[in-house]
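Peer 1:
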Ligand SMILES: Nc1ncnc2c1ncn2[C@@H]1O[C@H](COP(=O)(O)OP(=O)(O)O)[C@@H](O)[C@H]1O
Ligand SMILES: [Mg+2]
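Residue numbers (full-length UniProt numbering): 1 to 250.
1. Residue 18 and residue 5 - do their beta-carbons sit closer together than 7 Å?
2. Report yes or no: do the region 91–101 and the region 63–70 share at least 3 C-beta pairs separated by less than 8 Å?
3. Spatial neighbours of residue 120 within its chain, please: CB distance less than 6 Å, with the 5 preceding and 5 following residues excluded, ordered by chain position.
4. Can you tell which of 237, 63, 56 and 21 has its C-alpha closest to the C-alpha of residue 207?
5. Any heavy atom of ligand 2 closer than 6 Å to the Cβ of residue 192?
6. Below 8 Å CB to CB, which residues in the same chain sit around residue 9 once its five sequence neighbours on both sides are set aside?
7. Measuring from the CB of residue 41, is there a heavy atom of ligand 2 at a distance below 6 Å?
8. Quick one: which unbroken beta strand (DSSP E) runs of 3-plus residues sit fully inside the region 97–123? Chain order, please.
9. By Cβ distance, which residues of its chain are closer than 8 Å to residue 212, with the 5 residues on each side in sequence left out?
10. Tell me whether residue 12 counts as near ligand 4, meaning its Cβ is closer than 6 Å to at least one heavy atom of that ligand.
11. Do residue 86 and residue 96 come within 7 Å of each other at the CB atom, strictly closer than that value?
12. Could you name the residues of the same chain whose beta carbon sits closer than 8 Å to that of residue 178, not counting the 5 residues immediately before and after it, in chain order?
13. Measuring alpha carbon to alpha carbon, tell me which residue in 135, 112, 134 and 34 is nearest residue 126.
14. Buried or exposed, going by whether 16 or more other CB atoms sit within 10 Å of the CB of residue 66?
15. Under 6 Å Cβ to Cβ from residue 7, same chain only, skipping five residues before and after it: list those, please.
16. Residue range of the alpha helix (DSSP H) that residue 141 falls in?
17. Would you list, in sequence order, the uninterrupted beta strand (DSSP E) runs of no fewer than 3 residues that lie entirely inside the region 167–215?
18. Residue range of the alpha helix (DSSP H) that residue 47 falls in?
19. What distance in whole Å lies between the Cβ atoms of residue 158 and residue 246, which are believed to be in contact at a cut-off of 8 Å?
20. Going by DSSP, name the residue or residues bridged to residue 60.
21. Can you tell me whether DSSP reads residue 234 as helix, strand or coil?
22. For residue 187, which option in 176, 202 and 181 has the closest C-alpha, if you only look at C-alpha atoms?
23. Would you kindly check if the distance between the Cβ of residue 219 and the Cβ of residue 154 is under 7 Å?
24. Can you name, in chain order, every residue of its own chain whose Cβ lies under 8 Å from the Cβ of residue 160, other than the five neighbours on each side?
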């Protein structure tokens with residue numbers, strides 16, 4: 001199997017938040033991971049990237065169990081780019097991972113240029129990441145992952161903290177990555193993030209309740225993707241808040 005997991009469970013303390021999850025993902029697939037807040041999307045992506053260890057079961061990459069060695073091939077993009085940015089300049093931030101694995105200087109420069117051009121951040125090499133917009137920060141986070149040449153990219157609601165302009169910038173990068181044939185799983189509530197998706201995996205209370213084609217998912221009305229919340233009040237508050245953010249950002 002290219003990428004996936006078998007009988008995967010995960011517990012925070014005594015609470016089981018992933019229950020017997022089985023997934024098989026092929027190279028080049030672009031998959032949407034959906035589910036209400038608290039359904040386990042972030043936990044699943046963190047376990048599948050090796051950030052968290054399974055309670056039981058296994059994650060596989062190219063028929064091997066995920067371990068310290070091969071997990072470098074799985075890139076994880078945090079929901080909040082602030083959690084991922086460590087460099088004092090854009091260039092340093094992208095260089096960080098490469099320095100850690102001892103990539104020669106010449107190759108490093110080429111790879112950094114390549115990654116920054118994919119996310120459209122060329123020209124901002126010497127900028128302080130703190131001065132970037134939300135969309136630019138998230139694109140920087142993507143560049144720092146891309147530069148490591150991952151074979152799978154896991155994105156955890158990468159547009160949820162961004163204004164409409166920032167969201168749009170990320171869609172454009174995602175479209176580019178799809179064209180490049182990257183294997184991507186994206187957790188999202190934004191229908192536009194899921195536009196190019198073929199396959200949807202839906203989680204509820206840590207269990208897979210749907211895994212199949214997007215059209216079938218929508219026609220069966222399994223869950224309301226656009227709304228991360230279950231109750232009417234939560235939905236209403238969410239909408240009002242989002243509207244306020246959009247207005248403030250205009
Ligand atoms: N660090 C943590 N410690 C304890 N419980 C957690 C932690 N992170 C998440 N949880 C719980 O695990 C469940 C799944 O959370 P999460 O994976 O963040 O879901 P989602 O990303 O779909 O919102 C939720 O019930 C959440 O409260
Ligand atoms: Mg989450």
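Just so you know, even glycine gets a beta-carbon here, dropped at the ideal spot from N, CA and C.
Peer 2: This is what the structure holds:
1. Contact flag unset, no.
2. The region 91–101, when compared against the region 63–70, does not touch it at the 8 Å Cβ threshold.
3. Once the five neighbours on either side are set aside, residue 120 has no close Cβ partner at all.
4. The residue with the shortest Cα to Cα distance from residue 207 is 21.
5. Incorrect: residue 192 has no Cβ contact closer than 6 Å to ligand 2.
6. Within the same chain, residue 9 has close Cβ partners 16, 18, 19, 20, 21, 54, 55, 56 and 57.
7. Residue side-chain check: residue 41 places its Cβ nearer than 6 Å to a non-hydrogen atom of ligand 2.
8. Listed in chain order, there is nothing to give.
9. So the list reads 199 and 200, once near-sequence residues are dropped.
10. Because ligand 4 does not appear in the structure shown, any question about it cannot be addressed here, the ligands present being ligand 1 and ligand 2.
11. In this structure, residue 96 sits near residue 86, with a CB-CB distance shorter than 7 Å.
12. Here the set comprises 30, 184 and 196.
13. Closest by C-alpha distance to residue 126, out of 135, 112, 134 and 34, is 112.
14. Residue burial is scored here from C-beta neighbours: residue 66 has at least 16 other C-beta atoms within 10 angstroms and is therefore classed as buried.
15. Excluding sequence positions up to five before and after residue 7, its CB lies within less than 6 Å of the CB of 20 and 57, all in the same chain and listed in chain order.
16. Per DSSP, residue 141 is one residue of the alpha helix (DSSP H) stretching across 134–146.
17. Within the region 167–215, the runs of beta strand (DSSP E) at least 3 residues long that lie entirely inside it are, in chain order, 184–187, 199–204 and 207–213.
18. Residues 41–48.
19. Actually they do not touch by this definition, with Cβ atoms about 18 Å apart.
20. Note: residue 60 sits in a beta bridge opposite 4 and 65.
21. The DSSP-derived three-state label of residue 234 is helix.
22. Per the Cα distances, 202.
23. With a cutoff of 7 Å on beta-carbon distance, residue 154 and residue 219 are scored as not near each other.
24. Only 79, 188, 189 and 190 meet the Cβ criterion.
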